[in-house]
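Enquirer:
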Amino acid sequence: MSERQITLEVLRYRPESESEPVFQSYSVPCQEEWVVLDALNYIKDNLDRTLSYRWSCHMAVCGSCGMVINDNPMLSCKAFLRDLPDHIRVEPLHNFPIERDLMVELDDFMDKLKSVKPYLIPDQPVAEEDGTYRQSSAQLKKYKPFAMCINCMACYSVCPQYGLNEGFVGPAALALAHRYNVDSRDQGRRAREDVVASNTGIWECTFVGACSEVCPKNVDPAAAIQQTKIASTVDYFKDLLMPGKRDKSGNAKQAAGDGA
Amino acid sequence: MARSNKPIVWGLFAAGGTVTAFFVPALMVVLGLAVPFGLLSPNDLSFDRVYGIVAHPLGRLILFGFITVSLWHAAHRTRTTVHDLGISNDGITMFICYGVAGLGTVLAAVFLLLL
Ligand code: SF4
Ligand code: FES
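Sequence order for the protein chains is A and B.
Residue numbers for the first sequence follow numbering that gives the first Met the number 0, so the first one is 0 and each next one is one higher.
Residue numbers for the second sequence follow numbering that gives the first Met the number 0, so the first one is 0 and each next one is one higher.
#1: Which same chain residues, not among the five before or five after D47(B), have their C-beta less than 6 Å away from its C-beta?
#2: Return the CA-CA distance between F236(A) and E165(A), expressed in angstroms with no decimal places.
#3: Taking the straight line between their C-alpha atoms, what separation do you get for S24(A) and E8(A)?
#4: Reducing DSSP to helix, strand and coil, say where Q225(A) ends up.
#5: At a cut-off of 8 Å, is A59(A) close to ligand 2 when judged by its beta-carbon and the heavy atoms of the ligand?
#6: For a minimum of 3 consecutive residues, which ranges assigned as the beta strand (DSSP E) are wholly contained in the stretch 21-45 of chain A?
#7: Quick check: is the beta carbon of L112(A) nearer than 9 Å to any beta carbon in chain B?
#8: Cα-Cα, which of A14(B), L70(B), R2(B) and G90(B) is closest to V105(B)?
#9: Which runs of the alpha helix (DSSP H) spanning at least 4 residues fall entirely within the stretch 17-59 of chain B, listed in chain order?
#10: For the stretch 144-169 of chain A, which residues have a beta carbon sitting closer than 7 Å to at least one beta carbon of chain B?
#11: Could you tell me whether the stretch 60-69 of chain A touches the stretch 85-92 of chain A, using the rule of 3 or more Cβ pairs below 8 Å?
#12: Can you give me the C-alpha to C-alpha distance between W54(A) and D47(A), rounded to a whole angstrom?
#13: Assuming I224(A) and P170(A) make a contact with CB atoms under 8 Å, what is their CB distance in whole Å?
#14: Alpha carbon to alpha carbon, what distance is there between A190(A) and D257(A)?
#15: By the 10 Å Cβ neighbour count, where 16 or more other Cβ atoms means buried, how is R3(A) classified, buried or exposed?
#16: Using a Cβ-Cβ distance under 9 Å, would A1(B) count as near chain A?
#17: Might you give, ordered along the chain, the residues of its own chain that have their beta carbon closer than 6 Å to the beta carbon of L119(A), omitting 5 neighbours on each side?
#18: Output the distance between the C-alpha atoms of R13(A) and I97(A), rounded to the nearest integer angstrom.
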């Protein structure tokens, strides 16, 4: 195994002692097959126990290790040193307030995920006797790519609209809404539109497309947003031309005789 | 949260994008390559022939649609680009961009009717 000496320039922020974040350099003896997270773990174990960052799975499934590495938001457990130069700059995700060192505040993102009603909203209860839904593989294929999101927030870190207006619901949450909207078991699109089709929802997006470029799971949030724009535009004109079709809650009216 | 009324302009923007993506390359091939390289004889694009196509009621209608949705596409794209650049005077931008597109729509209608 070959060893490589790498300089990691890490943005530090300790709110109890610093008013501004500052960079701190560490020289780390790295193995060729390491990822940036391994180098951070080496620092934590051997050089500086005060360094704070989040991680859990070390295999690109938990989504907690997102950070900006040499200006690109990535999962640090997927950022191989063999693809990077000897000098690496590591920063917390952009566009979020820093909580401490490489950790950012998650509350706003979590609230946004919740705001799009990310669960099945069926019109009818399950029809099958065993309590499950039937779904063909073609129906599954429609939403599966959008279900691969691991909430790493890399897309928010590069989204210029989120940078300009933090009220913007943002790529991952809108992709998540779309994931349910195009699920054959779900009829909740109209209920989601109050948030999704508002001025801070899909309409804030100007199709820059950076979110889809950085997504480590190939979710393609930009495509999800554009597809939602088409569906919402059709809904908008339907409501304009046939205003009686919806009740006050914004949901399509139930078929007659569907009381109880 | 109130639903946005952006679908109106976005609908025109999307239609304009789709239409120009299909027609502009074809126009470029015909006008920019086929005629100069002699693949089409200049007579194929003689004034009388082109006038015949454009002045036909269906021709006028298609041209009106093509011109207006392209204008609205450009207007909306310009508005969002101004926003992307961080210039936050959306009211003025909207007024100028959509004003030009609206004026273009009226002028296109007038000229095509007078043709
Ligand atoms: S859409 Fe992609 S980049 Fe955005 S949070 Fe999900 S996995 Fe991360
Ligand atoms: S540590 Fe879980 S995604 Fe990187």
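All C-beta atoms, glycine included, are put in the ideal place defined by N, C-alpha and C.
Expert: Put simply:
#1: none
#2: 29 Å
#3: About 4 Å.
#4: Helix.
#5: yes
#6: 21-30
#7: no
#8: L70(B)
#9: Listed in chain order, the complete alpha helix (DSSP H) runs (minimum 4 residues) inside the stretch 17-59 of chain B are 46-54.
#10: P159 and L163
#11: yes
#12: 17 Å
#13: The Cβ separation is near 7 Å, so the contact holds.
#14: Here the model assigns D257(A) a pLDDT of 36, short of 50, so the residue's position is not dependable and the matter cannot be decided.
#15: exposed
#16: yes
#17: So the qualifying residues of the chain are R184 and D185.
#18: 10 Å
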